[in-house]
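Participant: Have a look at this one before I ask anything.
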Amino acid sequence: KLSDEQASGVICYHLSGIIDSEKLSPITGSSIKGTAIKVELWISKDDFLARNIKLTGKITDNESLGIVRTLILSKFDETIIIELPK
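Position in the sequence shown counted from 1, then plus 550, gives you my numbering.
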């Protein structure tokens, strides 16, 4: 656990750790085996929803070493429509 921080306008727990790249394949579609990925999470202290996620490290074969992914989550429970590209 790191010091609490503000993310997406709310005070959050700031957590840091390591996850195996294979655990991320459901969100990346594929992964290389046995690679440690640094993860940082910002979780709202009020509602415990993840607000930001930062993933550092190569998850798939076609990525550069040291790649950083930042996911900013918002508009929880909002209805969205996803359309196929033309």
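Even glycine gets a Cβ: it sits at the ideal position worked out from N, Cα and C.
Rounding to the nearest angstrom, what Cα-Cα distance links residue 679 and residue 586 in this structure?
Facilitator: Summary: the structure shown does not reach residue 679, with the chain confined to residues 551 through 636, and so no result is reported for it.
Participant: Based on the DSSP output, what are the partners of residue 555 in its beta bridges?
Facilitator: Paired residue(s): 562.
Participant: In terms of residue numbering, what span does the alpha helix (DSSP H) encompassing residue 620 cover?
Facilitator: No alpha helix (DSSP H) contains residue 620, which is instead part of the beta strand (DSSP E) from 618–622.
Participant: Who does residue 642 pair with in a DSSP beta bridge?
Facilitator: Outside the displayed range of the chain (551 to 636) lies residue 642, so it cannot be described from this structure.
Participant: If you pair each beta-carbon of the stretch 557–565 with each one of the stretch 591–598, do three or more pairs fall below 8 Å?
Facilitator: Output reads yes: the stretch 591–598 touches the stretch 557–565.
Participant: Can you give me the C-alpha to C-alpha distance between residue 555 and residue 569, rounded to a whole angstrom?
Facilitator: Residue 555 and residue 569: Cα-Cα distance of roughly 22 Å.
Participant: Considering Cα atoms alone, identify which of 631, 616, 609, 567 is closest to residue 591.
Facilitator: Per the Cα distances, 567.
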